[in-house]
Amino acid sequence: MSISRREFIKDAAAVSAFISLSGIPLSGTGRKKTVSVPPGDRIRVGVAGVNSRGRAIAGTLSKMPRCQVACICDCDLDALEKCRGWVEESGAPRPDGEQDYRKMLDRNDIDAVVIAMPDHWHATAAIMALHAGKHVYLEKPASYCPEENAMLLEAERKYGKVVQVGMQRRSYPVLRQAVQELREGVIGEVRHATSWYATNRTSIGVGRPVPVPSRLNWDFWQGPAPRGPLYKDNIVHYNWHWRWHWGTGEALNNGTHFVDLVRWMMNLNEYPSEVASVGGRYHFRNDDWETPDTQVLSFQFGEKASFTWEGRSCDPKRIDGASTGVTLYGENGMSLFLNGKNEYVIFDDKDQIIRKVESGMTFRDGDRFNPSEELDALHFANWFDAIENGTPVNDPLCEACMSTQYTQYGNIAQRLGRSLKIDPASGAILNDSESRQYWSRTYDPVWTPKQYL
Ligand SMILES: NC(=O)c1ccc[n+]([C@@H]2O[C@H](COP(=O)([O-])OP(=O)(O)OC[C@H]3O[C@@H](n4cnc5c(N)ncnc54)[C@H](O)[C@@H]3O)[C@@H](O)[C@H]2O)c1
1458 MSISRREFIK DAAAVSAFIS LSGIPLSGTG RKKTVSVPPG DRIRVGVAGV NSRGRAIAGT
1518 LSKMPRCQVA CICDCDLDAL EKCRGWVEES GAPRPDGEQD YRKMLDRNDI DAVVIAMPDH
1578 WHATAAIMAL HAGKHVYLEK PASYCPEENA MLLEAERKYG KVVQVGMQRR SYPVLRQAVQ
1638 ELREGVIGEV RHATSWYATN RTSIGVGRPV PVPSRLNWDF WQGPAPRGPL YKDNIVHYNW
1698 HWRWHWGTGE ALNNGTHFVD LVRWMMNLNE YPSEVASVGG RYHFRNDDWE TPDTQVLSFQ
1758 FGEKASFTWE GRSCDPKRID GASTGVTLYG ENGMSLFLNG KNEYVIFDDK DQIIRKVESG
1818 MTFRDGDRFN PSEELDALHF ANWFDAIENG TPVNDPLCEA CMSTQYTQYG NIAQRLGRSL
1878 KIDPASGAIL NDSESRQYWS RTYDPVWTPK QYL
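What follows is the structure, encoded as structure tokens:
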């Protein structure tokens, strides 16, 4: 069958107008918050953790007239200075710099903070910021382990500030339109989906214990993680992602984005009844990488629904021409495919395109540092709307914590070598006392998040 109907939406403004006129349903609605920054005043933002993602965010924010990047924080002085210069290069005033996160939080002239530190820091840094009266933009994954999700939600309730989480696709206009179409039954009832991430990461080698470079405050970098592992020359920056002591593997690194998209698209608002994981570290086996580089997670929701996420960190073979994606399977052979960009395609039962929806606001393919700046700016603007007007954020903490917890179950199943049975209402893992070791973690006593609750 040839393409019977094609809809190319080229103009992002037109897409946004369509979205707001049609009043898209949200899969989770953040509560209205107390307004603390009057509309018209610039929101003063501090950005913490700026080697890569945080620097990209600081650059994007520095071009947005609604805010001022007032302070940059990084425990690595090189990353700190590079980012201060980066903001200045974009034409904004050079922000102040702090190496100690607590000092940034102590400042009364900062309204809101962006947290783009490593995963072991996320929950603690967010709880500290809420305790200090700041609004929070928290990078994904929301947390390192399931217990931290509950702690985060408690802090949000207690301190009443706005929290937006960095699963930014929830603000992409065309993906919001996809959700609306799915709710209206464009492919019928969706009971199964597949999702994936495939790339070609190289070995991280075997680290050598070396003196901590003078530019880096290693104590600040370790923060809430218990002391133990020696400093080695292949942890900072980025490679911590693949070490369980600090990182959470590809499942929480990229899996959370796609698990969250599936949850949102399928309107899954309960915990799964069963989660399984297969995979392992199959490539470059003699290096320090501990988390799986190949992993398939499956999520079962009783008789009602199921979905999978496949992660291949060192094997870039695409699926349906896309290195990242989600396919949702509906009724009568219909499906909806999205590749993680601001577009989607609907297929019929002969695998022929019925309709493709895209916009001029797409990824800058090949830009690994900040590929979706224009789209991400919509997510920050939505955060600012919430801070100024009390409107709901598109990625509320409760949604982000649930998506994060799904993938945490996956890693727990992988590490235990067996599938988990879960109570769909409470999220508790059933009849598996061994799993408790991964439910929570111990903390360095100086940085324990519980002192801020
Ligand atoms: N939403 C997205 O699309 C997206 C994309 C990339 C990364 N991320 C997330 O952003 C986070 C950072 O990722 P990255 O690739 O930039 O990692 P990275 O290792 O390159 O950078 C982390 C930075 O945090 C700094 N840091 C560590 N402890 C600190 C402390 N106590 N105070 C201040 N700074 C501290 C480090 O020195 C480093 O500069 C991760 O959690 C990742 O999952 C999200």
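FYI, the numbering for the sequence shown is 1458 to 1910, going by our numbering.
We treat Cβ as the ideally placed atom computed from N, Cα and C, and that holds for glycine.
Backbone secondary structure at residue i - three-state DSSP
i       : result
Tyr1629 : coil
Gly1430 : Any property of residue 1430 remains undetermined from this structure, which presents the chain solely from 1458 to 1910.
Glu1604 : helix
Leu1785 : strand
Ile1481 : Caution is warranted here: a pLDDT of 26 is assigned to Ile1481, below 50, making its placement in the model unreliable, and no coordinate value can be reported.
Ser1519 : helix
Ile1514 : helix
Arg1738 : coil
Val1903 : coil
Gln1637 : helix
Phe1677 : helix
Leu1877 : strand
Gly1487 : With a pLDDT of only 48 at Gly1487, under the threshold of 50, the placement of this residue in the model should not be trusted; the figure read from the coordinates follows. If DSSP states are grouped into helix, strand and coil, Gly1487 belongs with coil.
Ala1882 : coil
Trp1721 : helix
Thr1599 : Per the sequence presented here, residue 1599 reads as Ala, with Thr not at that position. It is coil, neither helix nor strand.
Arg1501 : strand
Gln1752 : strand
Tyr1594 : strand
Lys1813 : strand
Glu1795 : One point to set straight first is that residue 1795 is Leu, not Glu, in the sequence displayed. In the structure shown, Leu1795 sits in a strand (DSSP, three-state: E or B).
Ala1573 : coil
Glu1731 : strand
Ala1549 : coil
Lys1774 : coil
Ala1612 : helix
Ser1890 : helix
Extent of the continuous beta strand (DSSP E) run through residue i
i       : result
Arg1541 : Run containing Arg1541: none in the beta strand (DSSP E); it sits in the alpha helix (DSSP H), Leu1534 to Glu1546.
His1698 : That residue, His1698, is in no beta strand (DSSP E); it is neither H nor E in DSSP.
Thr1765 : Ala1762 to Arg1769
Phe1804 : Tyr1801 to Phe1804
Asp1553 : Asp1553 to Glu1555
Trp1746 : Here Trp1746 belongs to no beta strand (DSSP E), and DSSP marks it neither H nor E.
Thr1651 : His1649 to Ala1655
Gln1525 : Cys1524 to Cys1530
Glu1620 : In the sequence as presented, Glu is not what sits at residue 1620; that position holds Val. First-last of the beta strand (DSSP E) with Val1620: Val1620 to Val1622.
Residues near residue i in its chain [Cβ-Cβ closer than 7 Å; skip 5 each side]
i       : result
Ala1582 : Ala1505, Tyr1558, Ile1572 and Met1574
Leu1887 : Lys1878, Ile1879 and Asp1880
Val1526 : Val1502, Val1504, Ala1515, Leu1518, Ser1519, Val1544, Ala1549 and Pro1552
Thr1905 : Pro1681
His1740 : Asp1750 and Cys1771
Arg1872 : Tyr1895
Ala1513 : Phe1826 and Asn1827
Ile1737 : The sequence shown places Gly at residue 1737, rather than the Ile named in the question. Pro1749 and Thr1751, listed in sequence order.
Continuous alpha helix (DSSP H) stretch holding residue i: start and end
i       : result
Ser1860 : Leu1854 to Leu1873
Asp1563 : Tyr1558 to Asp1563
Gln1894 : Arg1893 to Trp1896
Leu1832 : Glu1830 to Asn1846
Ile1584 : His1579 to His1588
8 Å CB neighbourhood of residue i in its chain, flanking five on each side removed
i       : result
Leu1610 : Leu1854, Cys1855 and Cys1858
Ser1773 : Rather than Ser, the amino acid found at residue 1773 in this sequence is Pro. Around Pro1773: Ala1655, Thr1656, Asn1657 and Ser1780.
Arg1775 : Ala1655
Asp1901 : Gln1679, Gly1680, Pro1681, Ala1682, Pro1683 and Arg1684
Proximal residues to residue i (C-beta, below 6 Å), its chain only, five neighbours per side dropped
i       : result
Thr1748 : Trp1699 and Gly1706
Asn1796 : Ala1779 and Gly1782
Ser1652 : Phe1715, Val1719, Trp1766 and Val1783
Gly1759 : Ser1730
His1577 : Tyr1601, Ala1682 and Trp1703
Ile1803 : Leu1793, Ile1811 and Arg1812
Leu1534 : Arg1672
Arg1769 : Ala1655 and Thr1751
Glu1727 : Pro1881
Leu1754 : Ser1734, Trp1766 and Gly1867
Asn1710 : His1698
Trp1701 : Glu1747
Lys1591 : Ala1569 and Val1570
contact_flag[the region 1685–1699, the region 1656–1676] where n(CB pairs < 8 Å) is 3 or more: Taking 8 Å as the limit for Cβ pairs, the verdict is that the region 1656–1676 does touch the region 1685–1699.
Closer than 6 Å: residues whose CB approaches a heavy atom of ligand 1: Listed along the chain, these residues meet the criterion: Ala1505, Gly1506, Val1507, Asn1508, Ser1509, Arg1510, Gly1511, Cys1530, Asp1531, Cys1532, Asp1533, Ala1536, Tyr1558, Ala1573, Met1574, Pro1575, Asp1576, Trp1578, Glu1596, Lys1597, Gly1623, Gln1625, Phe1677, Trp1678, Gly1680, His1694, Tyr1695 and Asn1710.
Any 3 or more C-beta pairs closer than 8 Å across the region 1729–1745 and the region 1619–1635: Because the criterion of three Cβ pairs below 8 Å is not met, the region 1729–1745 and the region 1619–1635 do not touch.
Contact the region 1626–1634 vs the region 1827–1835: 3+ CB pairs below 8 Å: Counting Cβ pairs under 8 Å, three or more are found: they touch.
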